[in-house]
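The structure appears below as structure tokens.
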Amino acid sequence: MMIAQQLYEGIDLGKEGTVGLITYMRTDSTRISNTAIEEVSAFIDQTYGKNFLNTTKRPAKRMKMHKMLTKPSARLLR
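Going by the UniProt record's numbering, the sequence shown opens with residue 1, and the numbers climb by one from there.
Here it is in structure tokens:
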């Protein structure tokens, strides 16, 4: 977790200031911004060619349901 925290806090890039290298480190999200997809796709295309680009979209995974807040034990209610 300590390394994840450091990546979240970021590094100093001089003129650009401090830039975080990851977003929230305690997430199971697999969402990627459209901007990031476009930038990475352009890099792959320029570096390796269009044959290395995946044009097939994957179906979105349904989010797992989380339990609501519950009491730890009925004995604590006495």
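For each residue, glycine too, the CB sits at the ideal point set by N, CA and C.
Give the DSSP-derived three-state secondary structure of residue i in the structure shown.
i	result
Thr-35	helix
Ile-11	strand
Ser-41	helix
Lys-57	coil
Tyr-48	helix
Met-1	coil
Going by DSSP, which residues form a beta bridge with residue i?
i	result
Thr-18	Asp-12
Would residue i be called buried (16 or more neighbouring beta carbons within 10 Å of its own) or exposed?
i	result
Leu-13	exposed
State the CB to CB distance for the pair residue i and residue j, rounded to an integer number of angstroms; the pair is presumed to be in contact (CB under 8 Å).
i	j	result
Ile-37	Leu-21	Not really, about 18 Å apart at Cβ, beyond 8 Å.
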